[in-house]
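Contents: one structure, followed by commentary.
2 protein chains.
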Amino acid sequence: MSTFDPTSIATLSINGERLLQRLDALADIGSTGDGGCCRLALTDDDKAGRDLVVAWMHELDLDVVVDAIGNVFGTWNVGHGSPVMTGSHIDTVRTGGKYDGNYGVLAGLEVIATCKEFGITPARPLCVGVFTDEEGARFAPDMLGSLVYVGGLALEEALDTVSIDGKRLGDELARIGYAGAAPCPGPAPHAFVELHIEQGPVLEAENHAFGAVTGVQGISWQELTIVGQSNHAGTTPMHLRRDPAYVAAMMAVYLREIAERFGGDQVCTVGMISLHPNLINVIPARATITLDVRNTDEDTLCDAENLIDTFCFQIEQDEGVSITKRQLTRFEPVVFDERVIDLVERRATEIDGRVKRMPSGAGHDAQMLARVCPSGMIFVPSKDGISHNPREYTEPNEMIEGANVLLRVMLDLTELEF
Amino acid sequence: MSTFDPTSIATLSINGERLLQRLDALADIGSTGDGGCCRLALTDDDKAGRDLVVAWMHELDLDVVVDAIGNVFGTWNVGHGSPVMTGSHIDTVRTGGKYDGNYGVLAGLEVIATCKEFGITPARPLCVGVFTDEEGARFAPDMLGSLVYVGGLALEEALDTVSIDGKRLGDELARIGYAGAAPCPGPAPHAFVELHIEQGPVLEAENHAFGAVTGVQGISWQELTIVGQSNHAGTTPMHLRRDPAYVAAMMAVYLREIAERFGGDQVCTVGMISLHPNLINVIPARATITLDVRNTDEDTLCDAENLIDTFCFQIEQDEGVSITKRQLTRFEPVVFDERVIDLVERRATEIDGRVKRMPSGAGHDAQMLARVCPSGMIFVPSKDGISHNPREYTEPNEMIEGANVLLRVMLDLTELEF
């Protein structure tokens, strides 16, 4: 039962000044001094950030629960049934910005604070989740906390994960006081919606105010190790070479060809090339190259992988090298709930007509929650598409309006039966 | 005046067992335990290697002179006039083999020992030079000692060179006791001939026993720094990318195209690619790539450089990146003296008819001596073309016969007036 008029929701606004102040206060913890933030998962800085967010949850009189993988949930227990959940993460990469993740968590607190301040009592509980280790920058894989929450990774296996600095996840969780009692997997929410900066250039480049996120691109990460024959750059005639650097370059150029041939949402990236011994006058013995291939369509993603395999086979014959392939990550595309996408699009359009339905190229906790409940996401623009960088920036007004979209969508979701 | 019959030279042979034993004894100093050798210029190991070679020079009653850049000359003062010189170097790269350089020095000592043992008195002095820092692996540039010897680099400037470990060359020279009194530039020899392993695969691949080296390829080393825009690999559409890794790959593929279009002795190599930040899911901000381009013809080398410039200009426009070019090294091709080349070819053919006239793709001290006297080189095969590697290998018999070619050519040169 609703205790508010859905049409009047459109008159509500969150407290923008408080939201911006809290983003700055949280970013002070682990500040890198250049506008950026380094708060790797389960470090002392992560603990300090968590403590601050939990203090704000207590200020709102929320029920604060920590689960066995360290996810924190602040729930306003009103109404009946399972909660409408929002949430994101507060861990960052080593060269992180202020907004990635943090924005979604603090905007969630604003939604509850605003309801309380305006005397609105939703029909269902509202919950804000802070998921452990979304970035995967210290403990692989990324989105670990939300993955465990939905039962996609066994708790014990996750706790035994070892960090890049040689620490066990379970030990670090206990050390910072966030090894909670609530069981994993956790209960499915009624619905889940996450607010996030785009971390890409599309909204700004096309002059859109909001993205109604349709899903998350499937990801294929492969590492190719190309072994040839190291030799002297001056004394080895071209026809006697087995050059892994040349093969790595051919592969990078071919990957761009695939992206252009497929078009649409297809993206392909070579972000890492390592030659050994990497000297100006030595044909390398070995090259390592990574291939990051993403598409919203699983069949197309498979087509790209097959083309890469065929190219590797051909190039091994032509260039006399051997290529070993290692699959590093493989996620199928995630499709969000059409009803949630529609809701996001409608409420965003009320505030600013410039709304784009778009996939997310990056992974987010919402894609894990989509396994257990109707889910969706709201994007706001990222200046120059920059993220994971101290220069990560979204206009204050865009952030405030993004939180207002979240507010309206969450209240709508308390009314919607799936 | 000759005191021997030139036709009888063909019956002489150096002491192969001693040559091979000395190569092993020298390789024990700085041994890397895997068949390789690390004796970087002017280190303690280099000093120990020099001391051993100088002891062998004294055993032969040679006049041993050290010059101001640390070059060591062992001269057998017979006959009249300026000496016929051979020589090479005993410094190695960090992952060096046993033969590169060392072979030419020790074979030179065999030539003098053999003459003495067979009672031959040449018409001119014979001299064996050990040149400082040929590899350039600790102090740039390479071939430094021979360059200073022929007046191509001022002594003071050379002494002020700072090593990769922060030491001044002049100080290191004094520290190991090889800052000699003989002036630089030094006196021009009557002629110079250097014996060296090929360090390339051509002789073995074409089943030749010897190379009569016609000259040294000109070298152009360039470093390109490509600056684009770092962004998220998942969220940045292909058409909004300014991707330095892709541009580096295009350049590496284009460089191969140039080599294939030019054909002949043209070689082109990309040995080094460094991406920043070099992460799988980040379009790099910056790529650094080196271009090693060599040809025996100066005009063709210039043509290749011009094509690279044009390609850089075009790719900057097409891909929205900026490219900064730095010339690291530029040597014009060196042409050896036709009379010395003919002599090497004739004497080598006497021993084994499988002789190839060929350019050197690598730099050698002989190219510096060619500035001041008629010069040439003799190559013996390198197994699989491997050098600068513990697996560097030449068959014992090939090494002994190579030294015999050197013996005959040096004695011929004492008779030849230029």
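Chains A and B, in that order, are what the protein sequence lines are.
Last residue of the first sequence: number 420 in our numbering, and the count goes up by one each step with no gaps.
Last residue of the second sequence: number 420 in our numbering, and the count goes up by one each step with no gaps.
Beta carbons are placed, not taken as given, at the ideal position from N, Cα and C, and that holds for glycine.
These numbers were taken from a predicted model, which means no experiment stands behind them.
Exercise for review: Along the beta strand (DSSP E) that carries B/Gly-106, what are the first and last residues, could you check?
Suggested key: Unbroken run through B/Gly-106 is the alpha helix (DSSP H), 104–119; no beta strand (DSSP E).
Check your understanding: Under 9 Å between the Cβ atoms of B/Gly-188 and B/Asp-69?
Key -> yes
Review point. Any residues in the region 242–256 of chain B with a beta carbon nearer than 7 Å to a beta carbon of chain A? Which ones, in chain order?
Key: Leu-242, Ala-247, Tyr-248, Ala-251, Met-252, Ala-254, Val-255
Check your understanding: Would you say A/Ala-364 reaches chain B, if we count a Cβ-Cβ gap shorter than 9 Å as a contact?
Key -> yes
Practice item. Alpha carbon to alpha carbon, how far is A/Pro-246 from A/Arg-288? Give it in angstroms, no decimals. Key: 6 Å
Practice item. Establish whether the CB of B/Thr-77 and some CB of chain A are separated by less than 9 Å. Key: no
Point to revise | Bridge partners - A/Met-360, DSSP secondary structure assignment | key: A/Val-215
Point to revise | beta strand (DSSP E) segments (min. 3 residues) lying fully within the region 330–381 of chain B | key: 357–362
Check your understanding: How would you write the range of the beta strand (DSSP E) that B/Gly-89 sits in, first residue to last?
Key -> 86–90
Point to revise | A/Gln-219 at chain B interface by Cβ criterion, 9 Å | key: yes
Review point. With distances taken from CA atoms, which of B/Pro-85, B/Glu-119, B/Cys-117, B/Gly-131 is nearest B/Gly-106?
Key: B/Gly-131
Practice item. Using alpha carbons as the reference points, say which of B/Gly-72, B/Cys-129, B/Val-204 lies closest to B/His-192. Key: B/Cys-129
Check your understanding: When the Cα of A/Pro-203 is compared with those of B/Leu-242, B/Tyr-180, B/Lys-169, B/Trp-223, which residue comes out closest?
Key -> B/Leu-242
Check your understanding: Nearest-angstrom Cα distance between B/Asp-162 and B/Gly-182?
Key -> 16 Å
Practice item. Could you tell me which of B/Ile-310, B/Phe-338, B/Arg-244 sits nearest to B/Glu-259, measuring between CA atoms? Key: B/Ile-310
Point to revise | Spatially closest choice to A/Met-379 from A/Asp-386, A/Leu-409, A/Gly-355, A/Arg-393, by CA coordinates | key: A/Leu-409
Exercise for review: Starting from A/Gln-319, follow the alpha helix (DSSP H) in both directions and report where the run begins and ends.
Suggested key: 300–321
Check your understanding: Using DSSP with H/G/I as helix, E/B as strand and the rest coil, what is B/Asn-233?
Key -> strand
Review point. For B/Asp-294, does the count of other Cβ atoms within 10 angstroms reach 16, so buried, or fall short, so exposed?
Key: buried
Practice item. If I'm right that A/Ser-362 touches A/Gln-219 with Cβ under 8 Å, what's the distance once you round it to whole angstroms? Key: 7 Å
Practice item. Out of A/Arg-41, A/Gly-213, A/Glu-112, state which residue places its alpha-carbon closest to the alpha-carbon of A/Phe-381. Key: A/Gly-213
Practice item. Using three-state DSSP, classify B/Lys-169 as helix, strand or coil. Key: coil
Exercise for review: Could you tell me the distance, in whole angstroms, from the CA atom of A/Tyr-151 to the CA atom of A/Ile-71?
Suggested key: 8 Å
Check your understanding: Quick one: is B/Trp-223 near chain A, going by C-beta distance under 9 Å?
Key -> yes
Exercise for review: Rank B/Gly-179, B/Gly-168, B/Ala-184 by C-alpha distance to the C-alpha of B/Leu-157 and give the top, closest one.
Suggested key: B/Ala-184
**Study point:** Under 8 Å from the C-beta of B/Gln-369: neighbouring residues of chain A
**Key:** Residues of chain A passing the Cβ test: none, with the nearest at roughly 12 Å.
Review point. Exposed or buried, which one is A/Arg-332 when buried takes at least 16 other CB atoms within 10 Å?
Key: exposed
Point to revise | Per-residue burial, A/Lys-100 [other beta carbons within 10 Å of its own, 16 or more giving buried] | key: buried
Review point. For the beta strand (DSSP E) that B/Asn-297 lies in, which residues bound it at each end?
Key: 288–297
Review point. Can you find a C-beta in chain A that's less than 9 Å from the C-beta of B/Thr-292?
Key: yes
**Study point:** Near-chain A residues of the region 378–404 of chain B - C-beta to any C-beta below 9 Å
**Key:** Ser-384, Asp-386, Gly-387, Ile-388, Ser-389, His-390, Asn-391
**Study point:** Pairwise C-alpha distance: A/Phe-315 and A/Lys-1
**Key:** Beyond the ends of chain A as shown, which are 3 and 420, falls residue 1 of chain A; an answer cannot be given.
Practice item. Just the chain B side, please: which residues come within less than 7 Å of A/Met-240 by C-beta, in chain order? Key: Ala-261, Glu-262, Val-269
Review point. Since B/Gly-202 meets chain A, which of its residues come closer than 8 Å, beta carbon to beta carbon?
Key: Asn-233, His-234, Gly-236, Thr-237, Thr-238, Pro-239
**Study point:** Sequence-distant residues of the same chain with beta carbon closer than 6 Å to A/Leu-149, five excluded per side
**Key:** Leu-155, Met-370
**Study point:** Distance between beta carbons of B/Asn-209 and B/Thr-116, contact taken as under 8 Å
**Key:** Not quite, the Cβ-Cβ distance comes to about 28 Å (not below 8 Å), so this is no contact.
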